[in-house]
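Start counting the sequence shown at 11; every next residue gets the next number (this note's numbering).
Heads up, the beta-carbon is just placed ideally off N, CA and C, and yes, glycines get one too.
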Amino acid sequence: MVKRLILPSLAILAAWALIDALAHRVLLQPLYALTPHVWRPITEINNLLAFLATLVLLLVFVLLFEILVHPKRLSAGLLLGGLVGVALGTASGLGTYIHAPSAGQLALAWVGLGVLKGLAAGAVLGAFASRAGNGIHAV
Numbered sequence: 011m012v013k014r015l016i017l018p019s020l021a022i023l024a025a026w027a028l029i030d031a032l033a034h035r036v037l038l039q040p041l042y043a044l045t046p047h048v049w050r051p052i053t054e055i056n057n058l059l060a061f062l063a064t065l066v067l068l069l070v071f072v073l074l075f076e077i078l079v080h081p082k083r084l085s086a087g088l089l090l091g092g093l094v095g096v097a098l099g100t101a102s103g104l105g106t107y108i109h110a111p112s113a114g115q116l117a118l119a120w121v122g123l124g125v126l127k128g129l130a131a132g133a134v135l136g137a138f139a140s141r142a143g144n145g146i147h148a149v
């Protein structure tokens, strides 16, 4: 199982990295600038911890798809991705807004990013599964 999940996992990591870089470093910078006292400077971000958190999310997402989704196809991947994305986006976006003085627009953007990243991961897993038949057999 591990070998056949490596390529889709790497594709998801790449998609998430691209989405995060574009969103947080470009599109959302004006919103972060409204509350600079809330956010760590980029030089103080623990990159290892961020990477480990991403790996945990990736592992959970891939295992949810692998274990719970039958039959494995693009539409099922998108459904799982949308649901997980709404849950994670709501937790991160609204959860942060509840506890920290961040902009409401930023909270909504984080919800949207959660959905987008979930859909991206679901699309990758579903596409690999569809290509392979009824399971992820990409390698």
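Residue i lies in the alpha helix (DSSP H); which residues open and close that run?
i: Lys82; result: It is not in any alpha helix (DSSP H) - Lys82 carries neither H nor E in the DSSP assignment.
i: Pro18; result: 12-32
i: Leu126; result: 114-142
i: Pro40; result: 39-43
Residue i: which of the options sits nearest, CA to CA?
i: Ala131; options: Leu73, Gly105, Gly103; result: Leu73
i: Thr45; options: Ala133, Leu135, Gly114, Gly136; result: Gly114
i: Ala119; options: Ser19, His34, Ala21, Arg14; result: His34
Can you give the Cα-Cα distance for residue i and residue j, rounded to whole angstroms?
i: Leu17; j: Leu23; result: 10 angstroms
i: Leu123; j: Thr106; result: 14 angstroms
i: Lys127; j: Trp26; result: 6 angstroms
i: Pro111; j: Tyr42; result: 11 angstroms
i: His147; j: Leu89; result: With a pLDDT of 46 at His147, under the threshold of 50, the modelled position of this residue cannot be trusted; read the value that follows with caution. C-alpha separation (whole angstroms): 20 angstroms.
Measure how close the beta-carbons of residue i and residue j come, nearest whole angstrom, since I'm counting them as under 8 angstroms.
i: Leu84; j: Gly136; result: 4 angstroms
i: Val125; j: Val96; result: 6 angstroms
The region 49-64 / the region 89-106 touching (three or more Cβ pairs under 8 angstroms)
No, they do not touch.
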